[in-house]
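In our numbering, the protein residues as written are 31 to 80. The next block holds one structure in the form of structure tokens; read it before the comments.
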């Protein structure tokens, strides 16, 4: 769940852990459900679940 607007970077909660992420597409609003799309090294890329 996004805790801040992802534009494109921000923080999300994944299984109770806060993670710094980058959104794959457009801005994602706080409270939106997201899923991990890719992981590159220590960079986590997410997209909104629609």
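The C-beta atom is built at its ideal place from N, Cα and C for all residues, glycine as well.
Specify the secondary structure class of residue i as computed by DSSP and reduced to three states.
i: residue 40; result: strand
i: residue 68; result: strand
i: residue 47; result: strand
In this structure, what does DSSP give as the bridge partners for residue i?
i: residue 53; result: 76
i: residue 32; result: 42
On a CA-only basis, which of the options is nearest residue i? Give me that one, please.
i: residue 37; options: 80, 67, 72, 60; result: 60
i: residue 39; options: 45, 73, 47; result: 73
i: residue 43; options: 56, 31, 75; result: 31
Taking 8 Å as the threshold (beta carbon to beta carbon), is residue i in contact with chain C?
i: residue 60; result: The structure shown contains no chain C; it is built from a single protein chain.
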